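Be aware that the sequence shown starts at 221, since it is given in this note's numbering, and climbs by one per residue. All C-beta atoms, glycine included, are put in the ideal place defined by N, C-alpha and C. Only a predicted model underlies this, so the values are computations on that prediction, with no experimental measurement involved. Here the structure comes first, spelled out in structure tokens, and everything after it is commentary.
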Amino acid sequence: MAGRGRRRFRLVALDMDGTLYSSRGYVEELERAIVVLVAEMLGLSMEDAARRLMEAKTRALTTSASLGLLGIRRSEFYERLSQMVNPASHIKPRPGLEDRLRRIKACGVKIALHTNAGRPLARKVLSALDIKPSLFDFIVTSDDAEPKPSPQGYELLLLSAGCRAEQCIYVGDRALAELRTAKMMGMFTVKVGGRESIWADLHAGDIVEALELIEKLIKD
């Protein structure tokens, strides 16, 4: 861990879905709503919409990146999707999460949120977690940049923070969809949940454990 301390790291960037919370119920609600909306926007049956979406995700890795392949405008899609789902019915505030984020900020490190969701849906998820958007120094959504795994959002994170890739810790739950890009750019990566990955420098069981490890890393 030597040399990876306070003087090096200037930014911690956090994925949102599957990282700041874990909720099978919300994921199921979200996946159903996504298929319904794809069907509506493309004039397809539910079955055809699900098939087209799966085919696109095989190529693009994420739902957000798949929308372009399907000819769907992301901004309209996420605006409508945010009106169809209720994160608060499944996601509850996580004790210790906000405190851990504030402890890292107190070390002089910026905190960013990086999500493939649109801004309206991101706000609803943060509200369910009882976290104010202002806690983050900046938020990058798919309204602001091409979605993961495109490097565009990661580049915007670094530009906003005024730092280099090697000064950023990136935290996410998906190895190929988000950590691989971060790692290839030179960021220090932390995987939350699931199995360990070659694209992760550290692995944590959940977000609070991840933030505890990051705080120690920053102070080392």
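Look up residue i in the DSSP assignment and give the residues it is bridged to.
i	result
HIS334	VAL360
Alpha carbons only, please: which of the options is nearest the one belonging to residue i?
i	options	result
SER380	LYS403, PRO315 and ILE331	ILE331
LEU377	ALA308, ALA395 and THR401	THR401
LEU301	VAL258, ARG272, PRO315 and THR335	VAL258
GLU251	TYR241, MET261 and ALA270	ALA270
PHE358	PHE229, LEU234 and GLU435	LEU234
ILE434	ILE324, SER284 and ARG244	ILE324
SER362	THR282, GLY413 and VAL232	THR282
ILE292	VAL305, SER309, ASN306 and ALA276	ALA276
ALA395	LEU422, CYS383 and ARG384	LEU422
ALA420	THR409, GLU429, SER354 and GLY413	THR409
GLY245	VAL305, GLY406 and PRO369	VAL305
PRO340	ALA397, GLY288 and VAL360	VAL360
ARG279	LEU231, SER370 and MET407	SER370
PHE356	GLN303, ASP319 and LEU287	ASP319
Tell me the DSSP secondary structure of residue i in three-state form.
i	result
VAL255	helix
TYR241	coil
ILE434	helix
ALA365	coil
LEU234	strand
SER370	coil
PHE229	coil
LEU278	Residue identity differs from the one stated: residue 278 is Thr in this sequence, not Leu. Three-state DSSP puts THR278 in a helix.
ASP440	coil
VAL247	helix
Is the beta carbon of residue i sitting closer than 8 Å to the one on residue j?
i	j	result
MET457	LEU333	Here the chain comprises residues numbered 221 to 440, so residue 457 is not present and cannot be evaluated.
ILE389	VAL345	no
ILE427	CYS327	no
GLY238	ASP393	yes
ALA337	TYR298	yes
ALA365	GLY373	yes
ALA285	PRO367	yes
TYR241	ARG314	yes
VAL256	VAL391	no
Runs of alpha helix (DSSP H) lying entirely within the stretch 304 to 349, each at least 4 residues, in chain order: 317 to 325 and 339 to 348
Whole alpha helix (DSSP H) elements within the stretch 372 to 430, 4-residue minimum: 372 to 381 and 400 to 405
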